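Peer 1: Got a structure for you, questions after.
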């Protein structure tokens, strides 16, 4: 049994506004661009003989636009348009 009167751990305190607020998360944009380039290259490599399976198609349809949100608007729009064109091509291959 712990004696609460002699406890030495620091107790949580109320935030009275005297602490620096936590910094927001800033992703590595070079890493984001690399991930997007890999996905787009993979989409461009899809053929009727080597299609994406349904799971890969669904995953990339979701993740690609989410990743572009970190980029400047014009760059994101351009990449999303390129990816959308590849998705249309892939769907046409699947028939």
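Numbering (our numbering), first residue to last: 7 to 101. Cβ coordinates follow ideal geometry from the N, Cα and C atoms, glycine included. If you're wondering where the values come from, they're calculated on a predicted model, not measured in any experiment.
(1) With H, G and I counted as helix, E and B as strand and the rest as coil, what does DSSP make of residue 31?
(2) Where does residue 87 land, buried or exposed, given buried means 16+ other C-beta within 10 angstroms?
(3) Using a threshold of 8 Å, state whether the C-beta atoms of residue 77 and residue 41 are closer than that.
(4) In angstroms with no decimal places, state the Cα-to-Cα distance between residue 39 and residue 81.
(5) I think residue 46 touches residue 92, with their Cβ atoms under 8 Å apart; what is that distance to the nearest whole Å?
(6) Please report how far the alpha carbon of residue 29 lies from the alpha carbon of residue 89, in whole angstroms.
Peer 2: Once the coordinates are examined:
(1) By 1-based counting over the chain shown, the position of residue 31 is 25. Judged by DSSP in its simplified three-state form, residue 31 adopts coil rather than helix or strand.
(2) For this step, residue 87 is matched to residue 81 along the chain shown. Exposed, by the Cβ-count rule.
(3) Here residue 77 refers to the residue found at position 71 when the chain shown is read from its first residue. Here residue 41 refers to the residue found at position 35 when the chain shown is read from its first residue. No, Cβ-Cβ distance for residue 77 and residue 41 is not below 8 Å.
(4) Reading the chain shown from its first residue, position 33 is the one you call residue 39. Reading the chain shown from its first residue, position 75 is the one you call residue 81. Taking the straight line joining both Cα atoms gives about 10 Å.
(5) Along the chain shown, one-based indexing puts residue 46 at 40. Along the chain shown, one-based indexing puts residue 92 at 86. Rounded, the Cβ-Cβ distance is 7 Å, consistent with contact.
(6) Against the chain shown, residue 29 aligns to sequence position 23. Against the chain shown, residue 89 aligns to sequence position 83. If you take the alpha carbons of residue 29 and residue 89, they lie about 32 Å apart.
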